[in-house]
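Number of protein chains: 2
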Amino acid sequence: MAANSQFAVAVHVLTILAKSGEERVKSDYIAGSVNTNPVVIRRLLSNLQEAALVVSQVGAAGGTTLAKQPKDIRLSEVYKALPCGEVFALHSKEPNQDCPVGRNMAAFLCGLQKEIDKSIEEKLRQYTLRDVIEHIDGA
Amino acid sequence: MAANSQFAVAVHVLTILAKSGEERVKSDYIAGSVNTNPVVIRRLLSNLQEAALVVSQVGAAGGTTLAKQPKDIRLSEVYKALPCGEVFALHSKEPNQDCPVGRNMAAFLCGLQKEIDKSIEEKLRQYTLRDVIEHIDGA
DNA sequence: TTGAATTGTATCAAAAGAGGTTACAAATAG
DNA sequence: CTATTTGTAACCTCTTTTGATACAATTCAA
C-alpha cells in the first residue's frame, strides 16, 4: 500500500468532475467511484484546489467543480499539483565524502533526477483531461 | 526512508567498479563509500549480476568487477535491472466497476504508466557509465 | 433562526516498503 | 585446514501511504 497512487486517483477524480460539468460533485460520491474514503478524496481535492484546477464549495449543497475546461487541464499540471516523490530517491545517507566517487555522486544524480522529471512532465503535457475522457468513452 | 534509492546507489556502486577496472572490489569497501551496510550492497549487486552488468566471485580474494566496459553500460540497463517501482502507482483498491469512469480508468492509467516508463528509459539510454565517470572526474 | 448537509482538517490506526543488522551456509584462495 | 568473502534468510525499525473517526466552520433551505 506504500506506493503513491495520488496521481492515478487525481486523474480519476478530475475525470468525474469533467463529466459532471457545472454540477457540484460531493466527495462522498467521488469516493464511491474511486472506492475509498471521502476524506482521502477531500485531501486530494485540497491539493488540486491550491493548484487552481478545481473549486470547492463548503456547506449544504456544496461540492466541487472543475476550475477550467477539460481541454485546458494538462496532466502535467495535475502531476505538478501533487506532492508525488521523484522517480528515484537519492542516497538515504550522505555518501562518504572522503571517497572521490562518493563526494561527487550526489550532484550528478540530482541533476539526472531533474532531467528525468522534466521529460516526464513533457510527456504528460501532451495529454489534457479531454483526451482522457475521449479515451475513457471510446473504451 | 521509504523512497527507493536503489538506482542512485547502483550508479554509485557501478562507478566505483568502473574506476577499479579489472581488480575485484569487496562489498565491504563499496559499503564504506556509499555509507551503508555491506549486505545492502550485496543485495543490490545480486540484481546487477542477474542483469549481467557485474560479475561476482565468492570466497577468499573474492569480490565484484564490471561485466562490460563502462562505455557499454547504459543507465537504462541499470534502471531496468532493479525492482524499482513505477513513476506513479495505480489505485490501491480497484475502482468501482459500476461507475463508467471507474470501469475504464485503470486501463488508461496503465497505458500511460507504460508510456512514461518508456520515456524515462529513453532518457537514461542517453547516458553510459563512462559519461558518469567523466562527469564525476570533471567536477 | 434552526437544522441538515458538506467541506476542511486534525488525529490516529493499519499496512506495506525500504534500509539496516545479525547470522550463517557455501565457496575459494593460499 | 583456515581465513575470507559472497549469497541469502530472518528480523527490526523507521517512514510513507492509505483508511477511518471526529468535529469545527460554513452554507442552504425551510
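Residue numbers (the numbering used here), protein chains in the order written: chain A, 2 to 140; chain B, 2 to 140. Glycine included, C-beta positions come from ideal geometry on N, C-alpha and C.
Where residue i sits in the DSSP three-state scheme
{"i": "Leu110/B", "result": "helix"}
{"i": "Gln127/A", "result": "coil"}
{"i": "Thr1/B", "result": "Nothing can be reported for residue 1/B: it is not among the residues displayed for chain B, which extend from 2 to 140."}
{"i": "Val59/B", "result": "coil"}
For residue i, the nearest candidate out of the options (CA to CA)
{"i": "Ser28/A", "options": "Tyr80/A, Ile42/A, Ile134/A", "result": "Ile42/A"}
{"i": "Ala62/B", "options": "Leu110/B, Glu122/B, Glu24/B", "result": "Glu24/B"}
{"i": "Leu46/A", "options": "Gly64/A, Asp132/A, Met106/A, Lys20/A", "result": "Gly64/A"}
{"i": "Asn48/B", "options": "Ala4/B, Asn38/B, Val10/B", "result": "Val10/B"}
{"i": "Pro39/B", "options": "Arg131/B, Asp132/B, Val14/B", "result": "Val14/B"}
{"i": "Gly103/A", "options": "Asn5/B, Leu18/B, Ala4/B", "result": "Leu18/B"}
Listed by chain order, chain A residues near residue i by CB distance under 7 Å
{"i": "Lys115/B", "result": "None at all; the shortest Cβ gap to chain A is about 11 Å."}
{"i": "Ala82/B", "result": "Chain A residues near Ala82/B: none, gap ~13 Å exceeds 7 Å."}
{"i": "Val17/B", "result": "In the sequence under discussion, the amino acid at residue 17/B is Ile, which differs from the Val named in the question. Val102, listed in chain order."}
{"i": "Leu110/B", "result": "Ala9, Val12"}
{"i": "Gly86/B", "result": "Ala4"}
Whether residue i touches residue j by CB criterion (8 Å)
{"i": "Ile134/A", "j": "Pro71/A", "result": "yes"}
{"i": "Glu122/A", "j": "Lys124/B", "result": "no"}
{"i": "Ile74/A", "j": "Thr129/A", "result": "yes"}
{"i": "Phe89/A", "j": "Cys111/B", "result": "no"}
{"i": "Ala82/B", "j": "Leu54/B", "result": "yes"}
{"i": "Thr37/A", "j": "Lys94/B", "result": "yes"}
{"i": "Ser34/B", "j": "Pro96/A", "result": "yes"}
Cα-Cα separation, residue i to residue j
{"i": "Pro1/B", "j": "Gly139/A", "result": "The requested residue 1/B does not occur in the structure, where chain B is confined to residues 2 to 140."}
{"i": "Ala108/A", "j": "His92/A", "result": "11 Å"}
{"i": "Phe8/A", "j": "Gly60/A", "result": "27 Å"}
{"i": "Ser120/B", "j": "Glu87/B", "result": "12 Å"}
{"i": "Leu67/A", "j": "Glu78/B", "result": "41 Å"}
{"i": "Glu51/B", "j": "Ala32/A", "result": "42 Å"}
Under 8 Å by beta carbon: chain B residues contacting residue i
{"i": "Asn97/A", "result": "Gly33, Ser34, Val35, Asn36"}
{"i": "Ala90/A", "result": "Ala4, Asn5, Ser6, Ala9"}
{"i": "Ile121/A", "result": "Val88, Ile117, Ser120, Ile121"}
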